[in-house]
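Student: The sequence shown runs 184 to 612 under the numbering used here. Pasting a structure below so you can have a look.
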Amino acid sequence: MNTLLKKITSISLISQYMGLPKQVYLLTISRLICATGYFVYPFVTLYLSTAEGYGESTIGWFTFMFSMICLPSSVIAGKLADKFSRKRTYLIYMLLTDLFFIITGIMTHQPALIVFLTIAYFFDYSCAPLLNSMIMDVTTPENRQESYSLSTLSLNVGFAISPMIVSLFFNDHPHWIFYGHALANIIAVIMLFFFLKDTTADRNAQIAAEKALLEAEAKAKGESTAKEESFFHALKRTPLIAFFAVASALLTFVYALYMYMIPLHMKDLFGPEIGTTYYSSLVSVNGLAIIFLTPFLVLFTKKNSPVLNMALTALVYLIGFGSYAFLKNPIIFVVMAAVWSCGESMYFANVSTYVANNAPASHRARFQSFIEIVTKVGSAVGPMSMGAFLLTHTFAQAWLVVIAICTIAVLFFLSLYVWEKKRNAKKAH
184 MNTLLKKITS
194 ISLISQYMGL
204 PKQVYLLTIS
214 RLICATGYFV
224 YPFVTLYLST
234 AEGYGESTIG
244 WFTFMFSMIC
254 LPSSVIAGKL
264 ADKFSRKRTY
274 LIYMLLTDLF
284 FIITGIMTHQ
294 PALIVFLTIA
304 YFFDYSCAPL
314 LNSMIMDVTT
324 PENRQESYSL
334 STLSLNVGFA
344 ISPMIVSLFF
354 NDHPHWIFYG
364 HALANIIAVI
374 MLFFFLKDTT
384 ADRNAQIAAE
394 KALLEAEAKA
404 KGESTAKEES
414 FFHALKRTPL
424 IAFFAVASAL
434 LTFVYALYMY
444 MIPLHMKDLF
454 GPEIGTTYYS
464 SLVSVNGLAI
474 IFLTPFLVLF
484 TKKNSPVLNM
494 ALTALVYLIG
504 FGSYAFLKNP
514 IIFVVMAAVW
524 SCGESMYFAN
534 VSTYVANNAP
544 ASHRARFQSF
554 IEIVTKVGSA
564 VGPMSMGAFL
574 LTHTFAQAWL
584 VVIAICTIAV
594 LFFLSLYVWE
604 KKRNAKKAH
């Protein structure tokens with residue numbers, strides 16, 4: 184048994200991350216550095232509540248605004264990244280994010296803080312899809328899930344460290360969440376500027392191969408080929424991506440409550456100071472769970488269809504987040520984070536993999552931005568709608584709504600899985 188366990192650990196869990204493209208490792212290290220300074224997102228709700236004195240409903244509307252601002256940002260970034268250098272676009276967006284986070288820190292306790300924080304979100308929300316697009320360019324369907332899971336793994340290693348750092352200064356110097364976030368990003372930008380190879384050549388090679396295939400298919404059918412396919416025409420050819428995006432938005436609706444409803448619920452149950460302490464522990468458990476469980480999850484689910492894995496994600500969210508409707512013990516409250524963290528790991532390993540495997544190479548950044556836009560709508564509507572719901576209902580009742588949404592998501596993804604199998608069967612014949 185020990186020999187078998189050692190074999191699995193040494194060969195499968197670790198070797199699945201060996202031999203990936205060099206660019207994937209560089210982007211993974213960059214994400215680790217950024218995540219170590221990932222102070223704003225998990226603590227902005229507590230900051231606005233405790234340091235700025237905003238109420239739950241107001242914070243919900245702010246969260247909605249922060250999420251909705253990604254819509255124009257993602258469209259612009261996706262278009263730029265498909266037309267020009269993804270690396271250059273990514274670095275520019277990162278630097279602009281850092282600039283406005285620094286200004287936000289300076290504007291602490293002033294009304295203008297919300298304005299500059301919103302602008303920072305505008306640029307920052309597009310950084311993840313741009314980074315994912317670069318990973319798409321240098322990977323193949325055979326190694327994409329491992330590449331994305333490694334990237335997610337590094338994100339959560341840093342994410343497990345960041346709350347420990349925040350706990351050292353948050354009560355006395357809460358505005359440093361903005362400075363620290365910007366500082367970590369700047370370090371990552373410097374590293375990528377000097378060491379990351381531009382992925383334009385890889386992208387162009389894949390575009391040329393796809394174009395030749397489309398031209399051959401069109402010629403066989405006696406059809407003419409357009410010089411450049413529009414995004415909407417490409418989306419029409421791949422309708423499952425649109426339905427996949429809508430189903431994914433249900434999951435981001437639920438996941439957004441991690442940084443909105445959970446800290447407020449813990450503050451309500453255990454008080455501001457103790458609630459903040461337990462929430463910091465919960466954030467660390469989230470990161471540590473993903474660090475240690477992601478390799479196992481990838482190993483045992485990578486042969487599944489990404490759509491089936493997303494159905495499993497919804498089921499795990501139902502169990503993990505849904506349990507908060509019944510829990511009042513702070514320890515169990517924190518421990519349950521390990522459960523829904525498994526869903527988070529599967530979500531990030533599969534959502535970009537699905538897009539990369541199904542989107543045309545010439546439009547990948549735009550499809551990635553499309554997914555980001557639709558799922559960010561879910562993230563935006565989650566806190567806003569639940570904030571309004573909490574004005575007249577309890578937190579326990581709000582979590583029951585979450586259970587219902589997760590159930591719908593499970594059924595949605597299972598339906599897509601059946602649809603996908605039928606489509607693939609038709610193609611095979």
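Yeah, the Cβ is synthetic: ideal placement off N, Cα and C, and Gly gets one too.
Is the distance from the Cβ of L476 to the Cβ of I445 below 9 Å?
Tutor: Your numbering for residue 476 matches position 293 in the sequence shown. Your numbering for residue 445 matches position 262 in the sequence shown. Not closer than 9 Å, so no.
Student: Quick one: residues in its chain with C-beta nearer than 8 Å to the C-beta of I197, no 5 flanking neighbours on either side, listed in chain order?
Tutor: Here the question's residue 197 lines up with position 14 in the sequence shown. Counting only Cβ-Cβ distances below 8 Å, and skipping sequence neighbours, we find P478.
Student: Quick check on the DSSP output: what are the complete alpha helix (DSSP H) runs of length 4 or more inside the region 405-493, in order along the chain?
Tutor: Within the region 405-493, the complete alpha helix (DSSP H) runs of at least 4 residues are 414-420, 422-438, 444-453, 455-484.
Student: Under three-state DSSP, which class holds E325?
Tutor: By one-based count along the sequence shown, residue 325 stands at place 142. Coil at E325, not helix or strand.
Student: Roughly how many angstroms separate the alpha carbons of N315 and S535, rounded to a whole number?
Tutor: Numbered from its first residue, the sequence shown carries residue 315 at position 132. Numbered from its first residue, the sequence shown carries residue 535 at position 352. Straight-line Cα distance between these residues: approximately 7 Å.
Student: Less than 9 Å between the beta carbons of F284 and F361, yes or no?
Tutor: The count along the sequence shown starts at 1 and reaches residue 284 at position 101. The count along the sequence shown starts at 1 and reaches residue 361 at position 178. A contact, by the Cβ cut-off of 9 Å.
Student: Relative to the alpha-carbon of A494, which residue among M449, Y600, V468 has its alpha-carbon at the smallest distance?
Tutor: By 1-based counting over the sequence shown, the position of residue 494 is 311. With distances taken between Cα atoms, A494 lies closest to Y600.
Student: Which whole-angstrom value is the C-beta distance of S257 and A439, which I expect to be below 8 Å?
Tutor: Residue numbering aside, residue 257 sits at position 74 when the sequence shown is read from its first letter. Residue numbering aside, residue 439 sits at position 256 when the sequence shown is read from its first letter. With 8 Å as the limit, S257 and A439 do not qualify as a contact, their Cβ atoms being about 16 Å apart.
Student: If we count the other Cβ atoms within 10 Å of its Cβ and call it buried at 16 or more, is F483 buried or exposed?
Tutor: On the sequence shown, residue 483 is found 300 positions in, with the first residue counted as 1. Exposed: under 16 other Cβ atoms inside 10 Å.
Student: Look up I191 in the DSSP assignment and say whether it is helix, strand or coil.
Tutor: In the sequence shown, residue 191 corresponds to position 8, counting from 1. With a pLDDT of 49 at I191, under the threshold of 50, the modelled position of this residue cannot be trusted; read the value that follows with caution. Of the three classes helix, strand and coil, the one that applies to I191 here is helix, per DSSP.
Student: Counting only runs that start and end within the region 224-287, where is the alpha helix (DSSP H) found for 4 or more residues in a row?
Tutor: Fully enclosed alpha helix (DSSP H) runs of 4 or longer: 239-251, 253-266.
Student: Which residue's Cα is closest to the Cα of T335: G505, T558, S524, S309?
Tutor: On the sequence shown, residue 335 is found 152 positions in, with the first residue counted as 1. Here the closest residue by C-alpha is S524.
Student: Terminal residues of the continuous alpha helix (DSSP H) containing T536?
Tutor: The residue you call residue 536 lines up with position 353 of the sequence shown. First-last of the alpha helix (DSSP H) with T536: 520-541.
Student: Once the 5 residues before and after A532 are set aside, which same chain residues still bring their CB inside 7 Å of it?
Tutor: On the sequence shown, residue 532 is found 349 positions in, with the first residue counted as 1. Result list for A532: Q328, Y331, S332, T335, V481, in chain order.
Student: Are there 16 or more other CB atoms within 10 angstroms of the CB of N607, so buried, or fewer, so exposed?
Tutor: By 1-based counting over the sequence shown, the position of residue 607 is 424. It is exposed - the Cβ of N607 has fewer than 16 other Cβ atoms within 10 Å.
Student: In or out: E325 buried (at least 16 other Cβ within 10 Å) or exposed?
Tutor: Locating residue 325 in the sequence shown gives position 142, where the first residue counts as 1. Exposed: under 16 other Cβ atoms inside 10 Å.
Student: I'd like to check one pair, A425 with L418: are the Cβ atoms closer than 9 Å?
Tutor: Locating residue 418 in the sequence shown gives position 235, where the first residue counts as 1. Locating residue 425 in the sequence shown gives position 242, where the first residue counts as 1. Against a cut-off of 9 Å, the Cβ pair of A425 and L418 comes out as a contact.
Student: Quick check: M449 and Y441, are their CB atoms within less than 9 Å of each other?
Tutor: What you label residue 449 is simply residue 266 of the sequence shown in a count that begins at 1. What you label residue 441 is simply residue 258 of the sequence shown in a count that begins at 1. In this structure, Y441 does not lie closer than 9 Å to M449 by Cβ.
Student: If we count Cβ pairs, one from each stretch, closer than 8 Å, do we get three or more for the region 364-371 versus the region 275-295?
Tutor: As far as the Cβ criterion goes, the region 364-371 touches the region 275-295, which means the pair count is three or higher.
Student: Using a 10 Å radius around the Cβ and a threshold of 16 neighbouring Cβ atoms, would you call E603 buried or exposed?
Tutor: Numbered from its first residue, the sequence shown carries residue 603 at position 420. With 16 or more Cβ atoms within 10 Å of its Cβ, E603 is classed as buried.
Student: Look at the alpha carbon of T246 and the alpha carbon of H356, and state the distance between them as a whole number of angstroms.
Tutor: As a working mapping, residue 246 is identified with position 63 in the sequence shown. As a working mapping, residue 356 is identified with position 173 in the sequence shown. Their Cα atoms are separated by approximately 22 Å.
Student: Restricting to Cα atoms, I'd like to know which of Y200, D307, I212, G243 is closest to E555.
Tutor: As a working note, residue 555 is residue 372 in the sequence shown. Here the closest residue by C-alpha is D307.
Student: Can you tell me whether DSSP reads F222 as helix, strand or coil?
Tutor: For the purposes of this step, residue 222 is taken as residue 39 along the sequence shown, with counting starting at 1. Note: F222 maps to coil in three-state DSSP.
Student: Using alpha carbons as the reference points, say which of F378, L597, T291, Q206 lies closest to N487.
Tutor: Taking the sequence shown and counting its residues from 1, one reaches residue 487 at position 304. That would be L597, whose Cα lies nearest to the Cα of N487.
Student: Among residues of its own chain, excluding the 5 on either side of A592, which ones have a beta-carbon nearer than 7 Å to its beta-carbon?
Tutor: In the sequence shown, counting from the first residue as 1, residue 592 sits at position 409. For A592, where only same-chain residues beyond five positions count, the Cβ hits under 7 Å are A430, L433, L434, A497.
Student: How would you label H416, buried or exposed, when you count the other beta carbons within 10 angstroms and need 16 or more for buried?
Tutor: Position 233 of the sequence shown, counted from the first residue, corresponds to residue 416. With fewer than 16 Cβ atoms within 10 Å of its Cβ, H416 is classed as exposed.
Student: Return the chain-ordered list of same chain residues with a C-beta closer than 7 Å to the C-beta of I318, the five sequence neighbours on each side being excluded.
Tutor: In the sequence shown, the residue the question calls residue 318 occupies position 135. Taken in chain order, the residues that qualify are V207, L210, S330, Y331, S334.
Student: For M374, does the three-state DSSP call read helix, strand or coil?
Tutor: The sequence position of residue 374 within the sequence shown is 191, counting from 1. If DSSP states are grouped into helix, strand and coil, M374 belongs with the helices.
Student: Looking only at C-alpha atoms, which of I252, A264, G236 sits nearest to P294?
Tutor: For this step, residue 294 is matched to residue 111 along the sequence shown. Of I252, A264, G236, the residue nearest in Cα terms is G236.
Student: Compare the C-alpha of C310 against each of Y273, L279, T323, F342 and name the closest.
Tutor: Numbered from its first residue, the sequence shown carries residue 310 at position 127. Cα-wise, what sits closest to C310 is Y273.
Student: Would you identify the three-state DSSP class for Y507, choosing helix, strand or coil?
Tutor: Locating residue 507 in the sequence shown gives position 324, counting from the first residue. Helix.
Student: Whose C-alpha, out of K609, A542, Y443, F353, is nearest the C-alpha of S413?
Tutor: On the sequence shown, position 230 is the one that residue 413 refers to. Nearest of K609, A542, Y443, F353 to S413, Cα basis: A542.
Student: Work out the CA separation of G505 and L187 for me, nearest whole Å.
Tutor: Your numbering for residue 187 matches position 4 in the sequence shown. Your numbering for residue 505 matches position 322 in the sequence shown. Because the pLDDT of L187 is 48, which lies under 50, any placement of that residue in the model is unreliable, and the question is left without a value.
Student: By the 10 Å Cβ neighbour count, where 16 or more other Cβ atoms means buried, how is L296 classified, buried or exposed?
Tutor: Walking along the sequence shown from the start, residue 296 turns up at place 113. Counting Cβ neighbours within 10 Å, L296 comes out buried, since at least 16 surround it.
Student: What residue range does the alpha helix (DSSP H) around S309 cover?
Tutor: Counting from one through the sequence shown, the residue named residue 309 turns up at place 126. From DSSP, S309 is part of no alpha helix (DSSP H); its letter is neither H nor E.
Student: Should G565 go down as buried or exposed, given a rule of 16 or more other Cβ atoms within 10 Å for buried?
Tutor: On the sequence shown, residue 565 is found 382 positions in, with the first residue counted as 1. It counts as buried.
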